[in-house]
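Okay, structure first, notes after.
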Amino acid sequence: MLTQSKEQKDYIQNVKKKKRLIIFTRIIILIVFFSLWEIAGRLNWIDSFLTSTPSKMFKSFIEIYKEGTLLTNISITCFETITGFLLGTILGAFFAILLWWSDFVSKVLDPYIIVLNALPKIALAPIIIFWVGNGITAIIVIALLISIVVTIISILNGFREVDEDKIKLLKTFGASKLQILINLIIPASVPTLISALKINVGLSWVGVIMGEFLVAKEGLGFLIIYGGQISQLDMVMMSIVILSILAYLMYEMVALLERKVVNKTK
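When we follow this note's numbering, the leftmost residue of the sequence shown carries the number 36, and every step to the right adds one.
Quick look at the structure:
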């Protein structure tokens, strides 16, 4: 059984202390921020009608929860986001592999991918609604379109950055293109894949909320639009805070996956 030296134990303790300090500082910042926000609203330093306050948002949260619609709206938005996230990541990785596989196809499609990346995807929303209907499917497709092109570009760039000498070495040993992909390209591109997942978290939420703004009758995006229409900005701010929490939790899940992958590769 391995025993740790005093230096190793001190180092581990220092790392743990630093992590606890970071978490503590984050919590303090949140508490101070929301406290100042509440005080500023109560003392009329800011217009609480326009900016709301934490207490008003909490009251709005309780009211909507008692109506029985809050959890439904949250679950619908989460379903749309997770579906768009998974589809964008899987299809983006698939097309990136196809483009890496064929240098000819990659060079032919490069300008089209650049144009698609620069194109505001929300401009396609009216067409998508006509194609797939006015509902959850349209929202998921919008989220997919927003994330898939960025995924293709980032993963393909990661594939291309793999050391050419290593590829040539495998070729000299008679490795097929599939073997090179499985045994070298994908393992070497794990950091890029994780980075693409992190990017897709934000893009998926953006796509879903934009879609809900246009076509939804349920979901957090719908609550934001509906709250604005009836001048209930407490509902709007409350929905935004919930979105922020959900997006953070989803990001942390990807970060947890990253830590597990990194530990396995060590």
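No residue lacks a Cβ here, since even glycine has one placed at the ideal position from N, Cα and C.
Output the distance between the C-alpha atoms of residue 284 and residue 278, rounded to the nearest integer angstrom. Going from the Cα of residue 284 to the Cα of residue 278 covers about 10 Å.
For the structure I just gave you, are there three or more beta carbon pairs, one from the region 240–252 and one from the region 184–200, closer than 8 Å? Touching, no.
Rounded C-alpha distance that separates residue 70 from residue 94: Going by the C-alpha atoms only, they are around 16 Å apart.
Taking 8 Å as the threshold, find out whether the region 254–265 comes into contact with the region 104–111 through three or more Cβ pairs. Between the region 254–265 and the region 104–111 there are three or more C-beta pairs closer than 8 Å, enough to call the two in contact.
For the alpha helix (DSSP H) containing residue 199, name the first residue and the last one. That run of the alpha helix (DSSP H) goes 199–207.
Could you check the C-alpha separation between residue 210 and residue 204 for me, to the nearest Å? Approximately 9 Å between the Cα atoms of the pair.
So, for residue 173: in the same chain, excluding its five sequence neighbours on each side, which residues have a beta-carbon less than 7 Å away from its beta-carbon? For residue 173, where only same-chain residues beyond five positions count, the Cβ hits under 7 Å are 163, 164, 167, 246 and 250.
In the DSSP assignment, find the unbroken alpha helix (DSSP H) run with residue 146 in it and report its ends. Unbroken alpha helix (DSSP H) run through residue 146: 138–153.
Going straight from the alpha carbon of residue 84 to that of residue 47, what length do you get? One Cα belongs to residue 84, the other to residue 47, and the distance between them is close to 49 Å.
Reduced DSSP secondary structure (H/G/I, E/B, other) of residue 36: Low per-residue confidence applies at residue 36: pLDDT is 46, beneath 50, and the placement is therefore not dependable enough to give any value.
Compare the Cα-Cα distances from residue 157 to each of 239, 88 and 103 and report the closest residue. The option with the nearest alpha carbon to residue 157 is 239.
In angstroms with no decimal places, state the Cα-to-Cα distance between residue 153 and residue 124. Pairing residue 153 with residue 124, the inter-Cα distance amounts to about 19 Å.
Three CB pairs or more closer than 8 Å across the region 284–295 and the region 228–236: Because the criterion of three Cβ pairs below 8 Å is met, the region 284–295 and the region 228–236 touch.
Taking buried to mean at least 16 other C-beta atoms within 10 Å of its own C-beta, is residue 291 buried or exposed? Under a 10 Å Cβ-count criterion, residue 291 is classified as exposed, with fewer than 16 other Cβ atoms of the shown protein chains found around its own Cβ.
In this structure, does DSSP put residue 287 in helix, strand or coil? In this structure, residue 287 counts as helix in the three-state DSSP scheme.
Please report the distance separating the alpha-carbon of residue 267 from that of residue 87. For residue 267 and residue 87, the distance between alpha carbons rounds to 9 Å.
Ignore the nearest five residues each way along the sequence and tell me which others in residue 72's own chain have a CB closer than 7 Å to its CB. Shown here for residue 72: same chain residues with a beta carbon closer than 7 Å to its own, the five before and five after excluded, namely 88 and 89 in chain order.
Are residue 59 and residue 131 touching if we call contact CB-CB under 8 Å? Cβ distance not < 8 Å, so residue 59 and residue 131 don't count as in contact.
Cβ neighbours of residue 229 in the same chain (closer than 8 Å, five flanking residues each side left out): These residues qualify, in order along the chain: 289, 292, 293 and 296.
Which complete beta strand (DSSP E) runs does the region 186–254 hold, if anything under 3 residues is left out? Taken in chain order, the region 186–254 contains no complete beta strand (DSSP E) segment of 3 residues or longer.
For my contact list, residue 134 and residue 144 are in at a C-beta cut-off of 8 Å; report their separation, rounded to the angstrom. Yes, residue 134 and residue 144 are in contact; Cβ-Cβ is about 7 Å, under 8 Å.
Under the three-state reduction of DSSP, which class applies to residue 266: helix, strand or coil? Residue state, collapsed to three classes: coil.
Count the other CB atoms within 10 Å of the CB of residue 269; is the residue buried (16 or more) or exposed (fewer)? Result: buried.
If residue 271 and residue 259 are in contact, beta carbons under 8 Å, what's the gap, nearest whole angstrom? Yes, residue 271 and residue 259 are in contact; Cβ-Cβ is about 5 Å, under 8 Å.
Below 6 Å CB to CB, which residues in the same chain sit around residue 24 once its five sequence neighbours on both sides are set aside? Limits of the chain in this structure are 36 at one end and 301 at the other, which puts residue 24 out of reach.
Going by CA-CA distance only, name the one from 237, 104 and 213 that's closest to residue 280. The option with the nearest alpha carbon to residue 280 is 237.
Is the beta carbon of residue 225 less than 8 Å from the beta carbon of residue 178? Taking C-beta atoms as the reference points, residue 225 and residue 178 fail to come closer than 8 Å.
State buried or exposed for residue 263, treating a residue as buried only when at least 16 other CB atoms are found within 10 Å of its CB. Per the 10 Å Cβ criterion, exposed.
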